[in-house]
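Below you'll find the structure, written out as structure tokens, and then a few comments.
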Amino acid sequence: MEQLWIILKFTFLGLFQGFTEPIPISSSGHLQLAQYFLGIEIEGNNFTFELMVNSASLIAVLIVFREDIMRLITRGLGYIKTRKPEDKTEFNFILYLIIGTIPAGVIGVLFDEDISRLSGPQTVAVTLMITGIALFLIRNLRGKRGESGMSVKDAVIIGFAQAVALIPGISRSGATIVAAMARGIHQETALRYSFLLFVPVSLGGMVLSFSDLLQDENLADLWVPYLLAFIASLIASYFSLKWFMNIMAKGNLIYFAIYCLVVGPIVLLVLWIS
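Going by full-length UniProt numbering, the letters in the sequence shown line up with residues 1 to 274, in that order.
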């Protein structure tokens, strides 16, 4: 019976993380809230669980944006050799992805322990409201600049926005999309850049967490729950991302702003009452 509960718990959290990862409401923050209010504890190494579900979300992103990734690889990297003018936009986009990755990578490594201290439902409640306000402010923006109109300055600003999202409750996708749209970038390009920016950051996190996976003494006993969490997160991330892309195309970010602005105060109220 205990093993069944562990399986159900890991599957639920995998689905929960997978669904909240692509949309701008902070998956890490919502996982903290779910674990706190539902009294759910993760058996084994928590880093192993995070590695499994985040890896699943990464695969979902790679599947959804596979054509964009192949285009960047063939044309963007091909520009180094061919110097075809029509491929320079893809080459520049790759450079912008590299530049945009640096702030979160550096800040994450240097201030990992300080950021970890910010964890907790109170922090998540406040940062959810900050995310909601940011989404509300850019809800009606319709930028006109596409990939060819991006600049190094855009990449740096969006990169630092992604670094801010290391704080639980600040949505990574929300922060990067808000920063991009505030810079006048078209919502489709903002979304594409945001999720392609997720790839190197996620890969870096996987590399840094791999040692924790090898040191997990409970891996042999929990491989089934870990696998089910991985599968659940992969499926949920894929369909959530496709759904979010449709919402972005219609310009309906206001729904996520309202959600964050409602949930944040409710969490603070419940914490105050209890």
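For every residue, glycine included, the Cβ atom is placed at its ideal position computed from N, Cα and C.
Computed from a predicted structure; not experimentally measured.
Just tell me which of Phe111, Ile177, Val152 has its CA closest to the CA of Pro22.
The sequence position of residue 22 within the sequence shown is 22, counting from 1. For the set Phe111, Ile177, Val152, the Cα lying nearest the Cα of Pro22 is the one of Ile177.
Could you name the residues that DSSP lists as bridge partners for Ile185?
Against the sequence shown, residue 185 aligns to sequence position 185. Answer is Arg145, bridged to Ile185.
Check the C-beta distance from Thr101 over to Gly159 and give it rounded, since I have them as a contact under 8 Å.
For this step, residue 101 is matched to residue 101 along the sequence shown. For this step, residue 159 is matched to residue 159 along the sequence shown. Contact flag correct, Cβ pair sits at about 7 Å.
Do Ser148 and Thr89 have their CB atoms nearer than 9 Å?
Position 148 of the sequence shown, counting from 1, holds the residue named residue 148. Position 89 of the sequence shown, counting from 1, holds the residue named residue 89. Cβ atoms of Ser148 and Thr89: closer than 9 Å.
Is the region 163-174 touching the region 136-146, taking contact as three or more C-beta pairs under 8 Å?
By the Cβ rule, the region 163-174 does not count as touching the region 136-146, because fewer than three pairs are nearer than 8 Å.
Using C-beta distances below 7 Å, list every residue in its chain close to Arg71, excluding the 5 sequence neighbours before and after it, in chain order.
Sequence index remark: in the sequence shown, residue 71 carries index 71 (1-based). Around Arg71: Glu90.
With DSSP collapsed to three states, give me the class of Ala165.
Here residue 165 is taken as the residue at index 165 of the sequence shown, counted from 1. The DSSP-derived three-state label of Ala165 is coil.
When burial is assigned at 16 or more other CB atoms within 10 Å of the CB, is Tyr255 buried or exposed?
The count along the sequence shown starts at 1 and reaches residue 255 at position 255. Per the 10 Å Cβ criterion, exposed.
Between the Cα of Thr48 and those of Val207, Met248, Leu253, spot the shortest distance and give me the residue it belongs to.
Counting from one through the sequence shown, the residue named residue 48 turns up at place 48. Minimum Cα-Cα distance from Thr48 among the listed residues Val207, Met248, Leu253 corresponds to Val207.
Measuring CA to CA, which of Ile59, Ala229, Leu196, Lys242 is closest to Phe93?
Mapped onto the sequence shown, residue 93 falls at position 93. Ranked by Cα distance from Phe93, the options Ile59, Ala229, Leu196, Lys242 are led by Leu196.
Hey, out of Ile99, Tyr36, Leu8, whose CA is closest to Leu271's CA?
The sequence position of residue 271 within the sequence shown is 271, counting from 1. Answer by Cα proximity: Tyr36.
Please classify Asn252: does DSSP put it in a helix, a strand, or coil?
Here residue 252 refers to the residue found at position 252 when the sequence shown is read from its first residue. Per DSSP, reduced to three states, the secondary structure at Asn252 is coil, with no helix or strand assignment.
Would you identify the three-state DSSP class for Met150, choosing helix, strand or coil?
Translated into the one-based positions of the sequence shown, residue 150 becomes position 150. Looking at Met150 - three-state DSSP - the assignment turns out to be coil, as it is neither helix nor strand.
Output yes or no for whether 9 Å exceeds the beta carbon distance between Gly143 and Ile185.
Translated into positions along the sequence shown, residue 143 becomes position 143. Translated into positions along the sequence shown, residue 185 becomes position 185. Against a cut-off of 9 Å, the Cβ pair of Ile185 and Gly143 comes out as a contact.
Just tell me which of Phe198, Glu188, Ala180, Ser233 has its CA closest to the CA of Gly251.
Stepping through the sequence shown from its first residue, residue 251 is reached at position 251. That would be Glu188, whose Cα lies nearest to the Cα of Gly251.
Here's a check: name, in chain order, each residue in its chain whose Cβ is nearer than 6 Å to the Cβ of Ala104, leaving out the five neighbours to either side.
The count along the sequence shown starts at 1 and reaches residue 104 at position 104. So the list reads Gln162, Ala163, Val201, once near-sequence residues are dropped.
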